[in-house]
Every structure is written in structure tokens, then in C-alpha cells.
Amino acid sequence: MDFVLESTDRQLIGIEVKAAATVTHDDFRGLKKLQTLTGKRFVSGIVLHDGDQALPFGEGLWAVPFAML
Numbered sequence: 003m004d005f006v007l008e009s010t011d012r013q014l015i016g017i018e019v020k021a022a023a024t025v026t027h028d029d030f031r032g033l034k035k036l037q038t039l040t041g042k043r044f045v046s047g048i049v050l051h052d053g054d055q056a057l058p059f060g061e062g063l064w065a066v067p068f069a070m071l
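Going by my numbering, the sequence shown opens with residue 3, and the numbers climb by one from there.
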């Protein structure tokens with residue numbers, strides 16, 4: 003995991019950055035660990051990638067292309 007953002011009310015968003023155009027479930031390993039360890043504080047986990055589609059990868063987990071930023 004490359005970044006963890008924390009809001010003023012202690013909610014967390016994890017961000018993983020990948021240079022690849024494809025994303026697999028394995029790319030979410032660190033985000034899932036953060037989700038498990040932090041429970042309700044975890045709001046979302048995002049893998050930023052070089053592809054062209056935003057895709058869900060489970061509850062609160064998304065693959066999002068850089069182009070959508």
C-alpha cells in the first residue's frame with residue numbers, strides 16, 4: 003500500500019498505485035489487510051492503475067484508472 007489517508011473523524015482510505023493496465027485480486031492484499039485491522043474506520047481501498055475501466059473488487063474496494071482522476 004502506497005498511501006493511507008485519514009480524515010479528521012479518523013476514517014481511512016488506502017491507496018495502492020500500479021503501473022500496470024490490469025489489476026488482480028492480489029493487488030488488493032495490503033488494502034484488505036488494512037480493512038481487516040481497522041474495521042469500521044476503513045472507508046475505501048483504491049488501486050490506481052493504467053487501464054481504462056473502474057471496477058469493483060469487493061466491499062469498499064475499487065480499481066480506478068489514473069485517467070479518472
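Every residue, glycine too, gets a C-beta built ideally from N, C-alpha and C.
Relative to the alpha-carbon of residue i, which residue among the options has its alpha-carbon at the smallest distance?
i	options	result
residue 70	57, 4, 61	57
residue 4	49, 66, 40, 64	49
residue 8	31, 44, 60	44
residue 66	42, 23, 41, 39	23
Output yes if chain D places a C-beta closer than 8 Å to the C-beta of residue i; else output no.
i	result
residue 41	Structure shown: chain D not included; a single protein chain is present.
Given a threshold of 16 other Cβ atoms within 10 Å of its Cβ, counted over all protein chains shown, does residue i qualify as buried or as exposed?
i	result
residue 68	exposed
residue 36	buried
residue 60	exposed
Pop quiz: residue i and residue j are said to be a contact at Cβ under 8 Å. What is the actual Cβ separation, rounded to whole angstroms?
i	j	result
residue 52	residue 21	6 Å
Is the beta carbon of residue i less than 8 Å from the beta carbon of residue j?
i	j	result
residue 25	residue 16	no
residue 14	residue 33	no
residue 18	residue 29	yes
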